[in-house]
Each structure stands twice: as structure tokens, then as C-alpha cells.
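Each residue of the sequence shown is one higher than the last, beginning at 75 in this note's numbering.
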Amino acid sequence: MKRLKEMRDARGWTQQQLAGASGVSQTFISELESCKKQPTVSIALKLARALDVELIDLLQPTPLSESEPQKPLCDARASDR
75 MKRLKEMRDA RGWTQQQLAG ASGVSQTFIS ELESCKKQPT VSIALKLARA LDVELIDLLQ
135 PTPLSESEPQ KPLCDARASD R
């Protein structure tokens, strides 16, 4: 979940601060940001609420620009790392 790190960084939060605000462990947040794990809907909702963003904004990949294709949430082969 690349957007998770982007949104966390935009607020100037550490993973530990997001963990405290969301109730999701710092370890799991780290695994999400490195695309080693995928969140359940309930976990994603906790993170979105803590970051004060809409769930769709957290989960939806964003294009670099109007002319570029959307980036995936995580690389397809993240499990091979």
C-alpha cells in the first residue's frame, strides 16, 4: 500500500504514531507499506479513519499525471522479496 506511506508522511507521522491513532500494530503497518501484507477491509478502514481520509482514497492507486497509467497498490511480485 504505497498510498499508506504517502498519506502518513504527508501528516509527518511515524509508523508508531499511526499505530497509536489507528489501533493497528506498527509491525503490520510496516508490512503493509512494504507490500508484504494486504489489509482486510476493517484494517484499511481503521487506517483511513486515523488518517482522516476516505477509504477509497487510501486504496485507490493514483496516476502520476493525466497522461500516465495508474500505478498498482503494490508490485505484483512483492511476495517474492
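The C-beta atom is built at its ideal place from N, Cα and C for all residues, glycine as well.
Element boundaries [alpha helix (DSSP H), containing Lys110]: Lys110 -> no alpha helix (DSSP H), and no H or E assigned at all.
With 16 other CB atoms within 10 Å as the buried threshold, where does Ile130 fall? Result: exposed.
Leaving out five residues on either side along the sequence, give the residues of the same chain with a beta carbon under 6 Å from the beta carbon of Leu125. For Leu125, where only same-chain residues beyond five positions count, the Cβ hits under 6 Å are Met81.
Would Leu119 pass as a contact of Ile103 if the rule is Cβ separation under 9 Å? For Leu119 and Ile103, no; Cβs fall outside 9 Å.
Would you mind stating whether Glu107 and Leu133 have Cβ atoms separated by less than 9 Å? At the C-beta level, Glu107 and Leu133 stay beyond 9 Å of one another.
CB contact flag (Gln112, Cys148, <9 Å): Yes, the pair counts as a contact, with Cβ atoms nearer than the cut-off.
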